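Chains as they are written, first to last, in this note's numbering: chain C, 11 to 340; chain B, 11 to 340.
Even for Gly, the Cβ is constructed at its ideal location relative to N, Cα and C.
All figures in this text were calculated on a predicted structure; none of them were measured in a lab.
Note sheet for the following structure.
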């Protein structure tokens, strides 16, 4: 099935509204999921609609919630997602943080009582498009152990980053701190195939090629002990400093069981000219140029932007099973 | 040779003063190097004294420089290390940033015209001891290529992080984004031994076990493409936002050749209570407790603190060649 982005957004928005989600929230969620799909991130795209709707129907996500932002310090915006979806809370941060950053030089948005952060590249990019550097950290239901341990305590705890470049599209980084996405292990369980021995550990903390054992165990952090340490850092920033649940306290984002996940997201944005002066964006463009002139180097974030530009022109292909599942919810 | 920390500090301070370094700077450098040594980080410890002194003698480091801090925005402290050592500039940030953080909720110290950042754990920890969360990013002379490339463009670009815990010592993370320290490859060239094939690439970008070929090539990033992406993020923060040289523009920290390295360091500090309220430090202690109760898990930063406590009581052992080299400089 082929659709324009506007058709897809309208369809998804209508499904959420039909399930009792506030129109403004339904629009925000629909935009985020369709843009994720357009950027080639189908794991954060339209396949999520059924699970999201199920959670709205049971009240695990409050479709009537309104996110509220409070400026608790000159440089801090505390955002309460109020057990609704994350996207309206992220929209609030994108709307209110930049003015604070221009005034203060740096500002921090701390989001709690939140849900799935989606494709974080899409959020940090919105700051870069306003001329600001942004870092974003999110926690997620626990799937990684602290280094040396066996029990899941951290999520795959992604870090995203975007920087404006004078005269060019922003650079955008978005990476989870697990070696591979958990979805890849899940896929192997469905196909009944083995996984490489450096993707995950079994419940005893040993490397395993058995995908079923891996799903019961923990995901391997990217770069071993260093990735596990960075996951701890993200946990502190995204949950400790926002007042969100820690990853090990958060319920699943995929089913309707348990209380709201109550996850957290932290965004730090900086005005590049605040310390380095007006020439900062020019120098950042020089750095990107130094990267790009090496054979074999792709600037981070450009592939996703290219796919989205393509999708804006020619629309997206939605798989039949996904479309059927979405339409059944309307 | 065995010395108390005070004896070692006094000796090192005197050597720098004898080479024309301002007394306050000599003290700051001596403290940093001796504490690094005490924390078991000899690569950033007393072995650096001869290279440091050589750089002072040739003017590559200005021993008469005075670091100057300017509050360019309510949340931003721009620190000019003035081509002197990094440590007095870091001391300035530690002295002035916390009051800004308490007022603003978050603040950013941007240090440029700087030098070797030393053991960054020791700097971020000083914020945690004042009840603040701190992140630190530094660039370094280029040794890693952007992912897919062959030419060094980023340093090993470390990230450090510290968080206070109510009723306990802080958690402290300090990691370079290369898979292993470059010093390990250098050591292999001296011993004439091979290196594992995942430590470094040759000039053609191929994995190599030949340490000599690796020194001419590039270091492998921790976690592959993800580590390389994070090194780019650190480059933007530590150089792009501070006005420092990029890593590929910086001269060596080990010899007296070329102009000053003019590296950068970025510190972001946050008041944990700014968004999450007064209970934040208590919850961070809970998280550390969840980690520590797993068999096999060591809390990051505790080993270094333990070694320093031990050294404060019983002194440190300084190898004869290091001591002889230091004394020859006096």
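Residue i, DSSP secondary structure in three states
i: residue 164 of chain C; result: strand
i: residue 12 of chain B; result: strand
i: residue 310 of chain B; result: coil
i: residue 171 of chain C; result: strand
i: residue 252 of chain C; result: coil
i: residue 288 of chain C; result: coil
i: residue 232 of chain B; result: coil
i: residue 152 of chain B; result: coil
i: residue 82 of chain B; result: strand
i: residue 129 of chain B; result: coil
i: residue 206 of chain B; result: coil
i: residue 369 of chain B; result: Not covered by the structure: residue 369 of chain B. The range shown for chain B is 11 to 340.
i: residue 211 of chain B; result: strand
i: residue 72 of chain B; result: coil
i: residue 178 of chain B; result: strand
i: residue 304 of chain B; result: coil
i: residue 191 of chain B; result: coil
Proximity test, residue i beta-carbon vs the ligand SAH heavy atom, cut-off 7 Å
i: residue 85 of chain C; result: Within the structure as shown, the ligand SAH is missing, as the structure has no ligands at all.
Member of the options whose CA lies at the smallest distance from the CA of residue i
i: residue 297 of chain B; options: B:160, B:283, B:174, B:44; result: B:174
i: residue 96 of chain B; options: B:240, B:14, B:150, B:84; result: B:150
i: residue 283 of chain C; options: C:147, C:140, C:92; result: C:140
i: residue 195 of chain B; options: B:327, B:224, B:92, B:177; result: B:224
i: residue 340 of chain B; options: B:31, B:243, B:110; result: B:31
i: residue 192 of chain C; options: C:154, C:291, C:121, C:265; result: C:154
i: residue 331 of chain B; options: B:58, B:274, B:26; result: B:58
i: residue 279 of chain C; options: C:291, C:207, C:114; result: C:114
i: residue 197 of chain C; options: C:222, C:137, C:275, C:13; result: C:222
i: residue 107 of chain C; options: C:126, C:158, C:93, C:146; result: C:146
i: residue 203 of chain C; options: C:329, C:210, C:219, C:320; result: C:219
i: residue 94 of chain B; options: B:124, B:79, B:101, B:80; result: B:124
i: residue 5 of chain C; options: C:287, C:258, C:72; result: The structure shown does not extend to residue 5 of chain C, since chain C is modelled only from 11 through 340, so no value can be given for it.
i: residue 152 of chain C; options: C:231, C:122, C:28, C:290; result: C:231
i: residue 187 of chain C; options: C:201, C:170, C:199; result: C:170
i: residue 84 of chain B; options: C:82, C:90, C:111, C:64; result: C:111
i: residue 248 of chain C; options: C:310, C:44, C:162, C:121; result: C:121
Buried versus exposed, by CB contacts within 10 Å (16 or more), residue i
i: residue 38 of chain B; result: buried
i: residue 99 of chain B; result: buried
i: residue 216 of chain B; result: exposed
i: residue 184 of chain C; result: buried
i: residue 269 of chain B; result: exposed
i: residue 324 of chain C; result: exposed
i: residue 22 of chain B; result: buried
i: residue 305 of chain C; result: exposed
i: residue 105 of chain C; result: exposed
i: residue 68 of chain C; result: exposed
i: residue 56 of chain B; result: buried
i: residue 70 of chain C; result: buried
i: residue 12 of chain C; result: exposed
i: residue 78 of chain B; result: exposed
i: residue 299 of chain C; result: exposed
i: residue 213 of chain C; result: exposed
i: residue 262 of chain C; result: exposed
Bridge partner(s) assigned by DSSP for residue i
i: residue 278 of chain C; result: C:118, C:145
i: residue 326 of chain B; result: B:13
i: residue 273 of chain B; result: B:124
i: residue 98 of chain C; result: DSSP output for residue 98 of chain C lists no bridge partner at all.
i: residue 261 of chain B; result: DSSP output for residue 261 of chain B lists no bridge partner at all.
i: residue 87 of chain C; result: C:81, C:119
i: residue 185 of chain B; result: B:169
i: residue 33 of chain B; result: Its beta-bridge partners do not exist; DSSP assigns none.
i: residue 42 of chain B; result: Paired residue(s): none; residue 42 of chain B is not in a bridge.
i: residue 217 of chain C; result: C:211
Beta-carbon neighbours of residue i, restricted to chain A and to distances below 9 Å
i: residue 245 of chain B; result: Reference to chain A is not applicable here, since the protein chains of this structure are C and B.
### Query
Can you list, in chain order, the residues of the stretch 190-211 of chain C whose Cβ is nearer than 8 Å to any Cβ on chain B?
Taking 8 Å as the Cβ-Cβ cut-off against chain B, none of the residues of the stretch 190-211 of chain C qualify.
### Task
Scan the stretch 277-290 of chain B for residues whose Cβ lies nearer than 7 Å to a Cβ of chain C and list them as they occur along the chain.
If you check each beta-carbon in the stretch 277-290 of chain B against every beta-carbon of chain C, the ones closer than 7 Å belong to 278, 280, 282, 284, 285, 286, 287, 290.
### Query
Which residues, taken in chain order from the stretch 154-185 of chain C, show a beta carbon closer than 8 Å to some beta carbon of chain B?
Taking a C-beta cut-off of 8 Å against chain B, the contacting residues of the stretch 154-185 of chain C are 155, 156, 157, 158, 159, 160, 161, 163, 169, 171, 173, 181, 183, 185, listed in chain order.
### Contacting positions in the stretch 58-86 of chain B - beta carbon closer than 7 Å to chain C
From the stretch 58-86 of chain B, only 82, 83, 84, 85, 86 have a Cβ closer than 7 Å to chain C.
### Task
Taking only beta carbons into account, state which residues of the stretch 101-120 of chain B come closer than 8 Å to chain C, listed in chain order.
Residues of the stretch 101-120 of chain B that bring their beta carbon within less than 8 Å of a beta carbon in chain C comprise 113, 114, 115, 116, 117, 118, 120, in sequence order.
### Query
Relative to chain B, which residues along the stretch 244-273 of chain C have a C-beta separation below 9 Å, given in chain order?
Only those residues of the stretch 244-273 of chain C whose C-beta falls short of 9 Å from the nearest C-beta of chain B are listed: 245, 246, 247, 249, 250, 251, 252, 253, 254, 256, 258.
### Query
Taking Cβ-Cβ distances below 7 Å as the criterion, which residues of the stretch 222-236 of chain C are in contact with chain B?
For the stretch 222-236 of chain C, the set of residues with a beta-carbon nearer than 7 Å to any beta-carbon of chain B comprises 232, 233, 236, in chain order.
### Positions along the stretch 86-98 of chain C whose CB lies within less than 9 Å of some CB in chain B
So the close ones are 86, 87, 88, 89.
### Query
Listed from N- to C-terminal order along the chain, which residues in the stretch 15-33 of chain C have their beta-carbon within a distance smaller than 8 Å of any beta-carbon of chain B?
So the list is empty, because no residue satisfies the distance condition.
### Message
Using a Cβ-Cβ cutoff of 8 Å, what residues of the stretch 299-310 of chain C are near chain B? List them in chain order.
### Response
Identification of residues in the stretch 299-310 of chain C having a C-beta nearer than 8 Å to some C-beta of chain B yields 300, 301, 304, 305, 306, 307, 308, 310, given in sequence order.
### Message
Under 7 Å, CB to CB, which of the residues in the stretch 134-150 of chain C have a partner in chain B?
### Response
Going along the stretch 134-150 of chain C in chain order, one finds 143 with a Cβ nearer than 7 Å to chain B.
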